[in-house]
Amino acid sequence: MVWNQPGNNGNNKDPLGFGGKKQEPKNNGSNEPKQPEPEQNNGQQNDPWGNPNNRQSQTNPLQDLFDKLFGNKRGNGSGGNNSNNGNSIKLSGKLLPIIIFSVVGLWFVSGFYTVKEAEQAVITRFGQFHTIKQPGLNWRPVFIDDYQVVDVKRRYDINSSGRMLTSDEKLIDIVEMNIKYTISDPQAFLFNVVSPNDSLTQATDSALRGIIGRNDLETILTKGRDGIRFDTKTELENTIRPYNMGVQIEEVNFQEAKPPKEVQEAFDDAIAARENEQQLINEAGEYRNRQLPLANGEASRILQNANAIRQSTILEAEGEVARFSKLLPEYQANPEITRQRLYIESMERILSNTRKVIMQGNGNNLTVLPLDQLLKGNTTQPVSEHRDLNTGNVSSNNYPSSSQTTPITPVSNAPMTSSAQSALPQGRVNNASERLNAIRGGN
1 MVWNQPGNNG
11 NNKDPLGFGG
21 KKQEPKNNGS
31 NEPKQPEPEQ
41 NNGQQNDPWG
51 NPNNRQSQTN
61 PLQDLFDKLF
71 GNKRGNGSGG
81 NNSNNGNSIK
91 LSGKLLPIII
101 FSVVGLWFVS
111 GFYTVKEAEQ
121 AVITRFGQFH
131 TIKQPGLNWR
141 PVFIDDYQVV
151 DVKRRYDINS
161 SGRMLTSDEK
171 LIDIVEMNIK
181 YTISDPQAFL
191 FNVVSPNDSL
201 TQATDSALRG
211 IIGRNDLETI
221 LTKGRDGIRF
231 DTKTELENTI
241 RPYNMGVQIE
251 EVNFQEAKPP
261 KEVQEAFDDA
271 IAARENEQQL
281 INEAGEYRNR
291 QLPLANGEAS
301 RILQNANAIR
311 QSTILEAEGE
321 VARFSKLLPE
331 YQANPEITRQ
341 RLYIESMERI
351 LSNTRKVIMQ
361 GNGNNLTVLP
371 LDQLLKGNTT
381 QPVSEHRDLN
391 TGNVSSNNYP
401 SSSQTTPITP
411 VSNAPMTSSA
421 QSALPQGRVN
431 NASERLNAIR
441 GGN
């Protein structure tokens, strides 16, 4: 550092106390006593305590610091001091640009800062908003610009609770609402409102009290919670929109609402009844889900059986129609024979399933039938004995079982005509001829 050189040709002391002779004060004609001069010891001055002031042997720490900083070497006498002062001025002029460059470099390096991925930096220049910096490495001029980092991805929480009045003039002791929001505009969040969190809390209280006041107590405690949550969010957004607070309401949770303690038991019973009702509804739904597939399967089975019966009936009717269509030409050719044949077939079909036995009413033949076997429906052929009452001869005939019994019809003594024989099957004609001969033989 450059100091002003002392006057009086370097005899006066410099600011650090080094230099030439001490200047004597002038008396100016005053009567003040003259201070005694310190004793000199071989041209050396003593200090006020009488000790020799050997400045060459004693060093000043501050002067040593300046000597090391500016590379100054002390000399002897006042001439040496003047030479050192000149060298100090030259060295200071050389180091000054280096010092300035170092300070500027330090200032420049200190201006770098990092913004994280989920953050944004709001830059103010001399206290006024300037710009918004995105995530990454950024730089600002120190002492000119300042920055404030805002997390724009974080979800902030505020809670609102208190005692509120419902539309049916009933008090709810505790109503708690949780609001989750994010910062959508950092500039508006920092500068448009003095305290964004407090302002948002007050707006939430106002919106919640308004919604609670428009609903009754039962709706708030039971089925209307979702509607209250949605209405509160809408009301809160409408309230803060004119203030442009720079926040976005993400979620509103209606956490808890309790009735007064005096009616707590009644409300608990009502809630339990609603839960039982819902449980019964769920059980009925499960039973319906189990029974519907079974009923659908049974209905499908009945429809399939009905369709099968319908198809079978149609086919059977078509078969009857075809049979009668084939029988019609025969009937038109020989009506009597065809009628007789149909009659015999019908009687055979009917009487084959009955246990009645038709016997000849006239004649002297005695027919002995195994009625016990016929009545029991034995499958073996019963044996019948025919006794001629006039001659006493006995003849036996094998009759079919009850399931195959051929009806015995009264016949006349006239022989069977050929047309009648042709109307009967060959086996039946033979059986009928045998029976006819047996009857005639008896007569």
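Numbering (full-length UniProt numbering), first residue to last: 1 to 443. Glycine included, C-beta positions come from ideal geometry on N, C-alpha and C. In this text, all values refer to a predicted model and were calculated from it rather than measured experimentally.
Close-in-space but distant-in-sequence residues of the same chain around residue 272 (CB under 6 Å, 5 per side omitted): none
Inter-residue Cα distance where the pair is residue 346 and residue 290: 53 Å
Practice task
Excluding the 5 residues preceding and the 5 following residue 196 in the sequence, name in chain order all residues of the same chain whose CB lies nearer than 6 Å to its CB.
Solution key: 189 and 245
- Message: By the three-class DSSP mapping on this structure, what secondary structure does residue 317 have?
- Response: helix
Suppose you measure from the CA of residue 110 to the CA of residue 100; what does that come to, to the nearest Å? 15 Å
Exercise for the section: Starting from residue 343, follow the alpha helix (DSSP H) in both directions and report where the run begins and ends. Expected result: 335-351
- request: Please go through the same chain and pick out, in chain order, the residues whose beta-carbon is closer than 8 Å to the beta-carbon of residue 212, but skip the five residues on each side of it.
  value: 164, 165, 166, 172, 175, 220 and 228
- [ ] Tell me whether residue 418 is buried or exposed, calling it buried when 16 or more other Cβ atoms sit within 10 Å of its Cβ.
- [x] Reliability fails at residue 418, whose pLDDT of 43 lies under 50, so the model's placement of it is uncertain and no value is given.
Per-residue DSSP class, three states only, for residue 118: coil
Should the segment 230-238 be regarded as contacting the segment 276-296, the criterion being three or more beta carbon pairs within less than 8 Å?
-> no
Reduced DSSP category for residue 149 - H, G, I as helix; E, B as strand; rest coil | strand
Separation of residue 142 from residue 96, as counted between CA atoms:
22 Å
Under the rule that 16 or more other beta-carbon atoms within 10 Å means buried, what is residue 343, buried or exposed? exposed
**Study point:** Distance, residue 135 Cα to residue 217 Cα
**Key:** 49 Å
Quiz prompt | Opening and closing residue of the beta strand (DSSP E) in which residue 136 lies | solution = 136-139
Out of 241, 128, 224 and 225, point me to the one whose CA is closest to residue 184's CA. 241
- [ ] Counting only runs of 4+ residues fully inside the segment 222-302, write out the alpha helix (DSSP H) ranges in chain order.
- [x] 225-240
Exercise. Using the C-alpha atoms, what's the distance from residue 226 back to residue 179?
Worked result: 14 Å
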